[in-house]
Amino acid sequence: MKFRILAYLFFFVGTADLFIKIFYGNIFSDLTEDYYEIANPILVFTPVLFFSIGGIFLKESKVSLTLENFGTSRIKYYSPQFICLSVVVLIFLFFTFNAQMNMENRGIDFGFGFLTQEASFDMQFSLMDYDGQDPYWWAYVVALLNTLLVAVLGIIFCTIIGVIVGIARLSPNFLIRNSAAWYVEFFRNIPLLLQIFFWYYAALRALPLPQDASPLFGVTYLTIKGYYMPAFIWNNLNIFLYSILAAIISIIFIRYYANKLRDNEGKQIPVFYISLIILFILPALTFLAGGVSLNFEIPVLKQLSATSFIYDGGIAVPPELIALTLALSLYTATFVAECVRAGIQGISKGQKEAAASLGLTPNQVLKLVIMPQALRIIIPPTTNQYLNLTKNSSLAAAIAYPDLVLVFAGTALMQTGRAIEIVSITMLTYLSISLAIAALMNWYNKLIEIKEK
Amino acid sequence: MFKLIKQFTSFVAMVAVLFAFTTETMAAKKSKTLKNTQKKGFVRCGVSQGLPGFSNADASGNWTGVDVDVCRAVAAAVLGDANKVKFTPLSAKERFTALTSGEIDVLSRNTTWTLSRDADIGLTFVGVNFYDGQGFMVRKSSGITSTSQFKDGISACTNIGTTTELNMRDFFNSKGISYEPVAFEKADEVVAAYDAGRCDTYTTDKSGLAAQRTKMSNPDEHIVLPETISKEPLGPVVRQGDSVWEDIVRWSLNTMIEAEEYGITSANADSMKTSDNPAIKRLVGAEGELGAAFGLDNEWSLRIIKQVGNYGESYKRNIADPGILPDRGPNELWTKGGILYVPPAR
Numbered sequence: 000m001k002f003r004i005l006a007y008l009f010f011f012v013g014t015a016d017l018f019i020k021i022f023y024g025n026i027f028s029d030l031t032e033d034y035y036e037i038a039n040p041i042l043v044f045t046p047v048l049f050f051s052i053g054g055i056f057l058k059e060s061k062v063s064l065t066l067e068n069f070g071t072s073r074i075k076y077y078s079p080q081f082i083c084l085s086v087v088v089l090i091f092l093f094f095t096f097n098a099q100m101n102m103e104n105r106g107i108d109f110g111f112g113f114l115t116q117e118a119s120f121d122m123q124f125s126l127m128d129y130d131g132q133d134p135y136w137w138a139y140v141v142a143l144l145n146t147l148l149v150a151v152l153g154i155i156f157c158t159i160i161g162v163i164v165g166i167a168r169l170s171p172n173f174l175i176r177n178s179a180a181w182y183v184e185f186f187r188n189i190p191l192l193l194q195i196f197f198w199y200y201a202a203l204r205a206l207p208l209p210q211d212a213s214p215l216f217g218v219t220y221l222t223i224k225g226y227y228m229p230a231f232i233w234n235n236l237n238i239f240l241y242s243i244l245a246a247i248i249s250i251i252f253i254r255y256y257a258n259k260l261r262d263n264e265g266k267q268i269p270v271f272y273i274s275l276i277i278l279f280i281l282p283a284l285t286f287l288a289g290g291v292s293l294n295f296e297i298p299v300l301k302q303l304s305a306t307s308f309i310y311d312g313g314i315a316v317p318p319e320l321i322a323l324t325l326a327l328s329l330y331t332a333t334f335v336a337e338c339v340r341a342g343i344q345g346i347s348k349g350q351k352e353a354a355a356s357l358g359l360t361p362n363q364v365l366k367l368v369i370m371p372q373a374l375r376i377i378i379p380p381t382t383n384q385y386l387n388l389t390k391n392s393s394l395a396a397a398i399a400y401p402d403l404v405l406v407f408a409g410t411a412l413m414q415t416g417r418a419i420e421i422v423s424i425t426m427l428t429y430l431s432i433s434l435a436i437a438a439l440m441n442w443y444n445k446l447i448e449i450k451e452k
Numbered sequence: 000m001f002k003l004i005k006q007f008t009s010f011v012a013m014v015a016v017l018f019a020f021t022t023e024t025m026a027a028k029k030s031k032t033l034k035n036t037q038k039k040g041f042v043r044c045g046v047s048q049g050l051p052g053f054s055n056a057d058a059s060g061n062w063t064g065v066d067v068d069v070c071r072a073v074a075a076a077v078l079g080d081a082n083k084v085k086f087t088p089l090s091a092k093e094r095f096t097a098l099t100s101g102e103i104d105v106l107s108r109n110t111t112w113t114l115s116r117d118a119d120i121g122l123t124f125v126g127v128n129f130y131d132g133q134g135f136m137v138r139k140s141s142g143i144t145s146t147s148q149f150k151d152g153i154s155a156c157t158n159i160g161t162t163t164e165l166n167m168r169d170f171f172n173s174k175g176i177s178y179e180p181v182a183f184e185k186a187d188e189v190v191a192a193y194d195a196g197r198c199d200t201y202t203t204d205k206s207g208l209a210a211q212r213t214k215m216s217n218p219d220e221h222i223v224l225p226e227t228i229s230k231e232p233l234g235p236v237v238r239q240g241d242s243v244w245e246d247i248v249r250w251s252l253n254t255m256i257e258a259e260e261y262g263i264t265s266a267n268a269d270s271m272k273t274s275d276n277p278a279i280k281r282l283v284g285a286e287g288e289l290g291a292a293f294g295l296d297n298e299w300s301l302r303i304i305k306q307v308g309n310y311g312e313s314y315k316r317n318i319a320d321p322g323i324l325p326d327r328g329p330n331e332l333w334t335k336g337g338i339l340y341v342p343p344a345r
C-alpha cells in the first residue's frame, strides 16, 4: 500500500514537473553565466524519470514489496541498469542539445549541402584528376585516396621491415641480433611526430637542389623537391596484363597438379622454379609477338629561373610522401618486428625438433611447421599495428602531405566553416577504414587458424 | 521504513531544487560578453602564432603588434587596463572555431574580411585595421623581378585555411600557369620549407611576407615582388549575436584611428580635455555621454588613447620602426592620401 502511495506521488510530481515546464516554457536554463547557454537535459529528463520510478513502484506494490524482501526484489535488480541507461541518455542529450542551441545562437546552420559546392582550392598531389573547380565531395575522395595511399605503402613497408627485423632478432649471429634490437629500441621509443619532422625537415632537407642532383640508377633523381623517376608509356598494355593473368592461372593449375602428383605417387617437382619461369616467359613473349612495347619518359631538367630548376616529365614523388612513408613504416615496423619475434618464440622447441626428426629440411621446417603456427600468434597484434599506422597517417598535416586531415578537415573545414559536419565525416571515415582493415585481418586470421574437425 | 522516508525527503528536496532552477526566468542581459569580460577581469583575445608587426610574443611573453593593440584598446575601454588581456595564439585553421565556440571573445589575427566569412559562419567583422594584398616572395638570386616571369611547374608554399590558398589558384589559373601548391598548417613551417628550397616562391599577404622575411636565415636574399594579386582588408572579428560587444570592439578601433586624425596622442591626451574643438573633447570624454550606449563610463576612449596610443603611434611602434613596412601606403589617413576613414564619434 505504501508503495502504491509512493508511486502515485511520483506520478503527481512528474505531471506537475511536465506541466510547469510546458506552461512556463523554460526547459533551458542558464545555470552558468558563461558564454554558452548550457541546455540542461536534467530538466528535460526529470518528468520521464519520475514517471518511470512511479511505474516501478506501482508494479512492485502488486507483489507486496517490504524491506525484508528488498534484496531479491526487481527494484534492486533493475535499478543499476536503469541508472546506467539514464546516464548514457543524459550525456547524449546534453551534447546534442548544447550543440544545437549554441549553433542556433551563433547563427550557424547544419547541413551537408556544401559538399556539392565548388572547392576552389588546389591540391599538391592527387592520384586522380582533381581541379579546384571540382566540388568538395570530390576533394574529399581525392584526399581519402591520398590517405589510403600512404597507409597502404606504410603497411607494405612496415610488414617487410618488421618481418626481417623480427627474424633477425632471433638470429644466432651476434651483430645481426644486436643491431636489430637496437633498431627496435631506438625507433620505438621516439615520438612519431618527431620522427616525421626529422625525416622531412632534417633528412630530406639535406638533399640536393634539382640542378645539383646526381642521377640515382641512371635515370632517377632524388632532390629536395621530390623523387623524380621515369614514367612508363605502354603500347597495348591490356595484352600484357592478360598475359600476366594467364600466367597466374596456369601456375594455379600446375600447383594443383603437383600436389596431386605428390599425394598419389610421392614425387616432388620444383613448383617454385616452374612458376617463376612461366611468370617471366609469358609476359616476355607478348613483347616479341603481341605487339606490346614499353617506352620511358625520362625526367628532364627544366629551368624556371636563374637559380630554380625542376624536372619535367616522368613521375614526381613529393618529398612529403617520402618522409611520411619512411617515418610511419620505420616506426610501425618496430612493433611488427616484436609481434613476429613473439610469434616465433611462442612455438615450442619440440615442434621444430619433431619436424626435423621427420626428415624435413630447415626451410621446410620454417615454412610448413613453424610459420603456420606462428602466424596465428602474429596476426592479431599485427592488425592493431596496421590500424595504428593508418590512424597515425593523419599526422601528415604537419608536413603538408595532402591527406584527409590536411585537405578535408583542414582547408575544406576552414573555407566552409562547417566544423561539426566535416569533423564527423572525417571521424566516420577513419572509423570505417579501421574497421575494414580489422575485418580483412580477421578474415585472414580465420583462414589460417586451426580447423578442428 | 524510516530509512525509506528519509530517502524520500531528500528526493523531494532535490526535486524542489530542480524546480527552483526551472522557474528562474532569464535575466535581461545587455551584453553577455561584456558582463563576462568584466567578471573575469580580462579580455580573451585570439592572435596569430607569431607574425612580427601584427601579433608577436617576445622572449618574456609580452605580445606586441597592431592586432594586439586592438585587443589592448578593448581592455583599456572595458576594464580600464590595457594589460588585462589573455592572448590565445591560433593557427589559421583554428581561429574561427575558437571564436564561435566561445574560447575567445575578439579575434584579432590578420583576418581577411570576406563575404562568405561574414555571412556564413556566425562571425561579424567590425572594421579594418590594415589594408593588405597578397604578394609573392622569391629568392633574389632567382633573377625573378615580376610574377610575369613565373613558369609552369613552379612550387608555391603557403598556409592552409586562408584566402591565400584560393587567391593563389585564381592567380595561376588566370595566367594559365601550372603550379605545385605546398600548404602547411603553421606559418613557421611554411617559412622553414621555403627557406630550405622546397618551394620557389612563398605567397601570403604582403605585410606577412615583409614580416616573415625578418625571420629568415638571411633576409637580404629574398625580395617581395611588386604585384599585388588580391584585396585583403584585415580586421578584428567578433561572434555574431552580441551587438553591444561588437560596437565596443568597433569603436575601440575607430577611436584609435580618429584620435590620430585629430592629433591626439598618448602623450597629449590629458591636455586635450581643454581643447576648443568639440570633436576632440568628445573623444577624450570631456564632453557628451558616448560611453553610456555601451554601458561604459565616459573616459573609455581617453583610456584607449592614453594606454595604447592612436593608430599612427601603434603603426610606428610595431610596423614602421622595426623596418617591416616603413611606408604606410593605403594605411594612411584619408586626409594624407591613404584610405583610413572612420565614421565620426558623436
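Residue numbers (numbering that gives the first Met the number 0), protein chains in the order written: chain A, 0 to 452; chain B, 0 to 345.
Ideal Cβ placement from N, Cα and C applies to all residues, glycine included.
Please read these numbers as outputs of a predicted model, since none were measured by experiment.
- Taking C-beta separations shorter than 8 Å and ignoring five residues to either side along the sequence, the partners of R327/B in its chain run Y314, A319, G337, following chain order.
- Note: Q302/A is bridge-paired with F308/A in the DSSP secondary-structure output.
- Proximity of S249/A to chain B, defined by a Cβ-Cβ separation below 7 Å, is not satisfied.
- In its chain, beyond the 5 residues on either side, A81, N82, V84, Q306, V307 have a beta carbon closer than 8 Å to the beta carbon of R71/B.
- Taking 8 Å as the cut-off between beta carbons, the residues of the region 80 to 107 of chain B near chain A are A91, K92, F95, T96, T99, S100, G101, D104, in sequence order.
- Not flagged as an interface residue toward chain B: R176/A, since no C-beta distance is shorter than 7 Å.
- Excluding its 5 nearest sequence neighbours in each direction, L386/A has C-beta neighbours in its own chain below 8 Å: S433, I436, A437, listed in chain order.
- In chain order, F120 place their CB closer than 7 Å to the CB of T410/A, counting only its own chain and leaving out the 5 sequence neighbours on each side.
- Scanning its chain for C-beta atoms nearer than 8 Å, with the 5 sequence neighbours on each side dropped, one finds around V88/A the residues F44, in chain order.
- About 7 Å separates the beta carbons of R108/B and S54/B, which is inside the 8 Å limit, making them a contact pair.
- Residues of the region 200 to 214 of chain A whose Cβ lies closer than 7 Å to any Cβ of chain B, in chain order: Y200, R204, L208.
- For A195/B, the closest Cβ of chain A is nearer than 7 Å.
- With respect to chain A, the C-beta atom of E259/B has no partner C-beta closer than 7 Å.
- The beta carbons of G134/B and T273/B sit no closer together than 7 Å.
- A81/B: not part of any alpha helix (DSSP H); DSSP gives it neither H nor E.
- The DSSP-derived three-state label of T203/B is strand.
- Considering only Y193/B, F41/B, G132/B, the residue with the shortest C-alpha distance to E231/B is G132/B.
- Not flagged as an interface residue toward chain A: D219/B, since no C-beta distance is shorter than 7 Å.
- With fewer than three CB-CB distances shorter than 8 Å, the region 235 to 247 of chain A does not count as touching the region 322 to 339 of chain A.
- Interface flag for V73/B against chain A is unset, since no Cβ pair is found closer than 7 Å.
- Among the residues of chain B, those whose CB is under 9 Å from the CB of F120/A are I159, E164, L165, M167, R168, P180, A182, following chain order.
- D262/A is classed as exposed because its beta carbon has fewer than 16 other beta carbons within 10 Å across all chains shown.
- Against chain B, the CB of G165/A has no partner CB under 7 Å away; the residue lies outside that interface.
- G131/A has a beta carbon lying within less than 7 Å of a beta carbon in chain B.
- Contact check for I222/B and V137/B: beta-carbon distance about 6 Å, within the 8 Å limit, so the pair qualifies.
- Listed along the chain, the chain A residues whose CB falls inside 7 Å of the CB of S154/B are K224.
- What A191/B touches in chain A, judged by beta-carbon distance under 8 Å, is Y200, going in chain order.
- In the DSSP assignment, P180/B is bridged to A155/B.
- Annotation for W233/A: the continuous beta strand (DSSP E) segment containing it runs 230 to 234.
- For D131/B, the beta-bridge partners assigned by DSSP are E231/B.
- Rounded to whole angstroms, the gap between the alpha carbons of A6/A and L84/A is 21 Å.
- Non-local beta-carbon contacts of S90/B in its own chain, meaning distances under 7 Å to residues more than five positions away in sequence, involve Q48, E184, K185 in chain order.
- For R316/B, there is no enclosing beta strand (DSSP E), since its DSSP letter is neither H nor E.
- Inclusion of N309/B and E245/B in the CB contact set at 7 Å is not warranted, their separation being larger than that value.
- Taking a beta-carbon distance threshold of 7 Å, A418/A counts as an interface residue toward chain B.
- Using a 10 angstroms sphere on the CB of D219/B, the tally of other CB atoms stays under 16, which defines it as exposed.
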